[in-house]
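Residue numbers (this note's numbering): 1 to 132. Positions of the beta carbon are idealized from the N, C-alpha and C atoms, including for glycine. Quick caveat: nothing in here was measured; it's all calculated off a predicted structure. Notes follow the structure.
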Amino acid sequence: MRIGQLAQRTAVSERSLRYYEKQGLLAADRTLGGHRDYPDAAVDRVILIQELFAAGLHSKKIAQILPCMRDSDGGPSEIATPRLVEELTVERDRIDRMITDLVRSRELLDEVIVTASGRAQLSSVGGRPQAL
Numbered sequence: 001m002r003i004g005q006l007a008q009r010t011a012v013s014e015r016s017l018r019y020y021e022k023q024g025l026l027a028a029d030r031t032l033g034g035h036r037d038y039p040d041a042a043v044d045r046v047i048l049i050q051e052l053f054a055a056g057l058h059s060k061k062i063a064q065i066l067p068c069m070r071d072s073d074g075g076p077s078e079i080a081t082p083r084l085v086e087e088l089t090v091e092r093d094r095i096d097r098m099i100t101d102l103v104r105s106r107e108l109l110d111e112v113i114v115t116a117s118g119r120a121q122l123s124s125v126g127g128r129p130q131a132l
């Protein structure tokens with residue numbers, strides 16, 4: 001498939017796909033006319049790359065990780081090194097801390113919402129809530 005088709009199927013910009021290719025995260029064959037030609041498996045690979053970026057990993061780390069993952073299911077490959085496992089454990093711990101912080105923030109917002117909702121109901125005049 002051409003780059004535009006891959007971009008449409010993955011909701012990732014053509015510019016990002018070119019960046020992935022430049023960083024060695026994604027590969028494409030070239031047609032006789034010089035156009036990129038991606039295999040169908042590129043869709044899964046791009047989605048995996050997006051998930052790794054969303055987890056806060058940078059492109060160099062993703063380039064290290066991708067060869068150790070199977071594209072079809074994202075599962076581990078047998079070629080992961082002990083050093084990579086250690087680095088990934090550090091990344092996982094960082095993500096766990098972020099999740100804990102986000103849950104704490106959500107709980108605080110829930111408390112504020114409950115408190116503010118109660119005050120808005122108590123202070124309504126003529127059916128209109130007053131500004132807090």
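Cβ-Cβ distance between residue i and residue j below 8 Å
i, j, result
"R45", "L57", "no"
"L6", "A63", "no"
"T10", "I47", "yes"
N-terminal and C-terminal residue of the alpha helix (DSSP H) that residue i is part of
i, result
"T10", "3 to 10"
"L17", "14 to 22"
"A63", "59 to 65"
Backbone secondary structure at residue i - three-state DSSP
i, result
"D44", "helix"
"E87", "helix"
"L108", "helix"
"G118", "helix"
"L102", "helix"
"I54", "Note on identity: in this sequence residue 54 is Ala, with Ile being the wrong assignment. Helix, per DSSP."
Identified DSSP bridge partners for residue i
i, result
"R36", "R30"
Supposed close pair residue i, residue j - CB separation, criterion 8 Å
i, j, result
"M1", "Y38", "5 Å"
"A55", "I3", "Incorrect: roughly 25 Å between the Cβ atoms, too far for contact."
"L52", "C68", "That pair is no contact at about 12 Å."
"Q50", "V103", "Actually they are not in contact, since the Cβ atoms of Q50 and V103 sit about 23 Å apart, beyond 8 Å."
Short CB-CB distance (under 8 Å) between residue i and chain D
i, result
"A28", "Looking at the structure shown, chain D is missing, and only one protein chain is on hand."
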